[in-house]
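Numbering (my numbering), first residue to last: 1 to 202.
Cβ coordinates follow ideal geometry from the N, Cα and C atoms, glycine included.
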């Protein structure tokens, strides 16, 4: 499906169930989120999957230049009883997470793993959203293809300028909206000016 917007063509993932591989997890920090009319600051992370296989018309799930179509979902970083992230991970693995499972759960262990994504389109047809996540059926587990995109993860707690600059523009912009980024910049602006300290006679 091709969506034309602002004179640019964007090919979005078709609706339906597709084999997908998680290849990117990006920490975008604490973001303002409106929930039920209330604004909250919540820690967010973005998962991105590449799609494999064909659509209902037998066309490969790829862009015109051969790259796999991708789809993303933003989560609040929480494994609480009502968290969407926990529900999706349980649906993905096919089992409930125990209290022990949730202790120090490392999201990086999910990189490179395959699942089945149910993709639904927004009402205006411009966006492909992840509706649900399920485990790969037993019948095709022995025919899983090789991954295409290199695994990518970025944590603000392990920030380096080189990693940040390597991120796509969208993520860099979202990170600059985080409270972590704003707080860091505020500290920088409040730091004393050390220029010329060598000339001070004490």
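Worksheet entry | CB of residue 156 within 7 Å of CB of residue 177, strictly | The beta carbons of residue 156 and residue 177 sit no closer together than 7 Å.
Worksheet entry | Beta-carbon proximity check, residue 77 vs residue 49, cutoff 7 Å | no
Worksheet item: In this structure, what does DSSP give as the bridge partners for residue 48?
Response: According to DSSP, residue 48 shares a beta bridge with 24, 72.
Worksheet entry | Identity of the residue in 151, 122, 101 nearest residue 111 by Cα | That would be 151, whose Cα lies nearest to the Cα of residue 111.
Discussion item. Assuming residue 118 is part of the alpha helix (DSSP H), what are its boundary residues?
Written reply: Following the DSSP letters along the chain, one finds residue 118 in no alpha helix (DSSP H) but inside the beta strand (DSSP E) bounded by residues 114-121.
Worksheet entry | Straight-line Cα distance separating residue 126 from residue 12 | 8 Å
Discussion item. Here's the rule: buried if 16 or more other CB atoms are within 10 angstroms of the residue's CB, otherwise exposed. What is residue 92?
Written reply: buried
Item to complete: Helix, strand or coil for residue 128, going by three-state DSSP, please let me know.
Response: In this structure, residue 128 counts as strand in the three-state DSSP scheme.
Discussion item. Given this structure, state the Cα-to-Cα distance separating residue 163 from residue 26, to the nearest angstrom.
Written reply: 11 Å
Discussion item. Which runs of the beta strand (DSSP E) at least 3 residues long sit entirely within the segment 136-195? Give them in chain order.
Written reply: Taken in chain order, the whole beta strand (DSSP E) runs of length 3 or more contained in the segment 136-195 are 152-154.
Practice prompt. Report yes or no: do three or more beta-carbon pairs, one from the segment 116-134 and one from the segment 14-28, lie closer than 8 Å?
Written response: yes
Fill in: With 16 other Cβ atoms within 10 Å as the buried cut-off, status of residue 4
The pLDDT assigned to residue 4 is 33, lower than 50, so where the model puts this residue is not dependable, and the model offers no usable value.
Worksheet item: Using CA coordinates, which residue listed in 63, 113, 46 is at the minimum distance from residue 129?
Response: 46
Practice prompt. Taking only the alpha-carbon atoms, compute the straight-line gap between residue 16 and residue 159 and give it to the nearest angstrom.
Written response: 37 Å
Item to complete: Take residue 61 and list the residues in its own chain whose beta-carbon comes closer than 8 Å to its own, dropping the five residues that flank it on each side.
Response: Once the five neighbours on either side are set aside, the close Cβ partners of residue 61 are 13, 14, 18, 51, 52, 53, 54, 55, 68, 69.
Worksheet item: So what's residue 62 in DSSP terms, helix, strand or just coil?
Response: strand
Item to complete: Using three-state DSSP, classify residue 84 as helix, strand or coil.
Response: Three-state DSSP puts residue 84 in a helix.
Worksheet item: Would residue 86 pass as a contact of residue 44 if the rule is Cβ separation under 7 Å?
Response: no
Practice prompt. Rank 148, 153, 84 by C-alpha distance to the C-alpha of residue 106 and give the top, closest one.
Written response: 153
Worksheet item: Under the three-state reduction of DSSP, which class applies to residue 98: helix, strand or coil?
Response: Note: residue 98 maps to coil in three-state DSSP.
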